[in-house]
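Below is one structure, written out as structure tokens; the observations come after it.
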Amino acid sequence: MSLSEFPVRAAQRLQVSFEFSPPKTEAAERTLWETIERLAPLKPTFFSVTYG
Numbered sequence: 010m011s012l013s014e015f016p017v018r019a020a021q022r023l024q025v026s027f028e029f030s031p032p033k034t035e036a037a038e039r040t041l042w043e044t045i046e047r048l049a050p051l052k053p054t055f056f057s058v059t060y061g
């Protein structure tokens, strides 16, 4: 079954999050913030940054 086959009410409860690696340069940091801004309309439950 694909996600599009789930009832609408199930999709309304769908929660998403995004994980990023920390940027190592100023250019990468700008790209990270641009990406976060583009993903924000999806209303993720949270963003996380993975170190290590």
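So in our numbering, the last one in the sequence shown is 61, and the numbering has no gaps at all.
Think of the CB as a built atom: it goes at the ideal place given N, C-alpha and C, for glycine as much as any other residue.
Predicted model, so just to flag it, every value in this text is computed and none were measured.
message: Just to confirm the assignment, what range does the alpha helix (DSSP H) spanning Thr34 have?
response: It is not in any alpha helix (DSSP H) - Thr34 carries neither H nor E in the DSSP assignment.
task: In angstroms with no decimal places, state the Cα-to-Cα distance between Gly61 and Lys33.
output: 12 Å
message: With a threshold of 6 Å on Cβ separation, who are the neighbours of Gln24 within its own chain once the five nearest residues in sequence on each side are excluded?
response: Thr54
field: Ala36 versus Ser11 - alpha carbon distance
entry: 37 Å
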